[in-house]
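Here is the structure we will look at, set down as C-alpha coordinates.
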Amino acid sequence: MHELGKNLAVAVFEAEGFQVVDLGVDVPPERFADAVVEHNARIVGMSALMTTTMLEQRSVIEELKRRGLRDKVIVIAGGAPVTEEWVKEIGADVWGRDAFEAVRIVKKMLGVE
670 MHELGKNLAV
680 AVFEAEGFQV
690 VDLGVDVPPE
700 RFADAVVEHN
710 ARIVGMSALM
720 TTTMLEQRSV
730 IEELKRRGLR
740 DKVIVIAGGA
750 PVTEEWVKEI
760 GADVWGRDAF
770 EAVRIVKKML
780 GVE
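Numbering (our numbering), first residue to last: 670 to 782.
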(Lines of atoms letter the chains of each structure in order from A and count residues from 1; the text may use other names and numbers.)
(Lines give C-alpha, C1' and ligand atoms only; values in the text may rest on other atoms or scores of the structure.)
Protein backbone atom coordinates (compact mmCIF):
# COMPACT_ATOMS: atom_id res chain seq x y z
CA MET A 1 0.00 0.00 0.00
CA HIS A 2 1.38 3.45 -0.70
CA GLU A 3 2.19 6.47 1.44
CA LEU A 4 0.82 9.50 -0.43
CA GLY A 5 -2.71 8.20 -0.97
CA LYS A 6 -2.76 6.66 2.49
CA ASN A 7 -1.72 9.91 4.14
CA LEU A 8 -4.31 11.90 2.22
CA ALA A 9 -7.07 9.43 3.12
CA VAL A 10 -5.99 9.44 6.79
CA ALA A 11 -6.12 13.25 6.88
CA VAL A 12 -9.55 13.41 5.24
CA PHE A 13 -11.09 10.72 7.44
CA GLU A 14 -9.64 12.27 10.61
CA ALA A 15 -10.90 15.71 9.57
CA GLU A 16 -14.37 14.16 9.27
CA GLY A 17 -14.18 12.82 12.82
CA PHE A 18 -13.07 9.24 12.24
CA GLN A 19 -10.45 7.66 14.50
CA VAL A 20 -7.80 6.23 12.18
CA VAL A 21 -5.25 3.54 13.00
CA ASP A 22 -2.46 4.08 10.46
CA LEU A 23 -0.67 0.78 9.83
CA GLY A 24 1.89 2.33 7.49
CA VAL A 25 2.90 1.04 4.06
CA ASP A 26 3.66 -2.42 2.68
CA VAL A 27 1.55 -4.00 5.40
CA PRO A 28 0.93 -7.76 5.19
CA PRO A 29 -2.69 -8.95 5.11
CA GLU A 30 -2.32 -10.59 8.51
CA ARG A 31 -1.51 -7.23 10.11
CA PHE A 32 -4.73 -5.73 8.74
CA ALA A 33 -6.72 -8.58 10.29
CA ASP A 34 -4.80 -8.30 13.57
CA ALA A 35 -5.59 -4.57 13.70
CA VAL A 36 -9.31 -5.19 13.11
CA VAL A 37 -9.35 -7.44 16.18
CA GLU A 38 -7.03 -5.29 18.29
CA HIS A 39 -8.90 -2.03 17.66
CA ASN A 40 -12.40 -3.44 17.12
CA ALA A 41 -12.34 -1.66 13.76
CA ARG A 42 -15.49 -1.08 11.73
CA ILE A 43 -13.67 0.08 8.59
CA VAL A 44 -10.57 -1.15 6.74
CA GLY A 45 -9.04 1.16 4.15
CA MET A 46 -6.34 0.32 1.61
CA SER A 47 -4.59 2.42 -1.02
CA ALA A 48 -2.44 1.14 -3.90
CA LEU A 49 -0.19 3.13 -6.21
CA MET A 50 0.42 0.53 -8.94
CA THR A 51 -1.49 -2.33 -10.51
CA THR A 52 1.06 -4.75 -9.08
CA THR A 53 0.45 -3.59 -5.52
CA MET A 54 -3.32 -3.41 -5.83
CA LEU A 55 -3.35 -7.21 -5.93
CA GLU A 56 -2.59 -7.07 -2.21
CA GLN A 57 -6.01 -5.53 -1.65
CA ARG A 58 -7.53 -8.85 -2.67
CA SER A 59 -5.15 -10.65 -0.28
CA VAL A 60 -6.29 -8.47 2.63
CA ILE A 61 -9.94 -9.26 1.92
CA GLU A 62 -9.14 -12.97 1.67
CA GLU A 63 -7.39 -12.82 5.05
CA LEU A 64 -10.35 -11.03 6.62
CA LYS A 65 -12.62 -13.78 5.26
CA ARG A 66 -10.28 -16.50 6.51
CA ARG A 67 -10.48 -15.08 10.02
CA GLY A 68 -14.24 -14.55 9.94
CA LEU A 69 -13.86 -10.77 10.04
CA ARG A 70 -14.98 -9.74 6.56
CA ASP A 71 -18.66 -9.26 7.41
CA LYS A 72 -17.77 -7.16 10.45
CA VAL A 73 -16.05 -4.33 8.57
CA ILE A 74 -16.60 -1.93 5.69
CA VAL A 75 -13.69 -2.36 3.25
CA ILE A 76 -12.47 0.62 1.24
CA ALA A 77 -10.10 0.04 -1.68
CA GLY A 78 -8.56 3.05 -3.38
CA GLY A 79 -5.53 4.39 -5.17
CA ALA A 80 -4.59 5.57 -8.64
CA PRO A 81 -5.07 2.27 -10.53
CA VAL A 82 -8.12 1.13 -8.55
CA THR A 83 -11.45 1.16 -10.36
CA GLU A 84 -15.02 0.53 -9.32
CA GLU A 85 -14.89 -2.72 -11.30
CA TRP A 86 -11.81 -3.87 -9.37
CA VAL A 87 -13.50 -3.11 -6.05
CA LYS A 88 -16.50 -5.21 -7.06
CA GLU A 89 -14.24 -8.03 -8.30
CA ILE A 90 -12.32 -8.32 -5.02
CA GLY A 91 -15.39 -7.92 -2.83
CA ALA A 92 -14.61 -4.56 -1.25
CA ASP A 93 -17.49 -2.29 -0.24
CA VAL A 94 -16.38 1.22 -1.13
CA TRP A 95 -14.60 2.91 -3.99
CA GLY A 96 -14.55 6.64 -4.46
CA ARG A 97 -12.89 8.83 -7.03
CA ASP A 98 -11.04 10.40 -4.12
CA ALA A 99 -10.87 10.30 -0.32
CA PHE A 100 -13.63 12.89 0.02
CA GLU A 101 -16.07 10.76 -1.95
CA ALA A 102 -15.04 7.68 0.05
CA VAL A 103 -15.83 9.52 3.30
CA ARG A 104 -19.26 10.53 1.99
CA ILE A 105 -20.05 6.93 1.01
CA VAL A 106 -18.85 5.49 4.33
CA LYS A 107 -20.82 8.05 6.33
CA LYS A 108 -23.93 7.14 4.38
CA MET A 109 -23.32 3.42 5.00
CA LEU A 110 -22.92 4.10 8.72
CA GLY A 111 -25.98 6.34 8.80
CA VAL A 112 -24.01 9.41 9.92
CA GLU A 113 -24.48 11.62 6.89
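Glycine is no exception: its CB is placed at the ideal position from the N, C-alpha and C atoms.
Residues of its chain near residue i, where Cβ-Cβ distance is below 8 Å and the 5 sequence neighbours each way are ignored
{"i": "V781", "result": "none"}
Residue i burial status per 10 Å Cβ neighbour count (16 or more: buried)
{"i": "E758", "result": "exposed"}
{"i": "R739", "result": "buried"}
{"i": "K675", "result": "buried"}
{"i": "L733", "result": "buried"}
{"i": "G748", "result": "buried"}
{"i": "A768", "result": "buried"}
Presumed contact (8 Å Cβ cut-off) between residue i and residue j, rounded CB distance
{"i": "A704", "j": "V742", "result": "That belief does not hold up - the Cβ atoms of A704 and V742 are roughly 10 Å apart, past 8 Å."}
Spatial neighbours of residue i in its chain, beta-carbon cut-off 7 Å, leaving aside the 5 residues before and after
{"i": "M719", "result": "P750"}
{"i": "I712", "result": "V742, I743, I745 and V775"}
Proximity test, residue i beta-carbon vs the ligand ATP heavy atom, cut-off 7 Å
{"i": "A702", "result": "Only the bare structure without any ligand can be found here, which leaves the ligand ATP out of the picture."}
Beta-carbon proximity check, residue i vs residue j, cutoff 8 Å
{"i": "A761", "j": "A771", "result": "no"}
{"i": "F701", "j": "L692", "result": "yes"}
Distance between residue j and residue i (C-alpha atoms, nearest Å)
{"i": "P698", "j": "T752", "result": "20 Å"}
{"i": "E707", "j": "V690", "result": "10 Å"}
{"i": "E725", "j": "A678", "result": "18 Å"}
Sequence-distant residues of its chain with Cβ nearer than 6 Å to residue i (five each side left out)
{"i": "V756", "result": "A746 and W764"}
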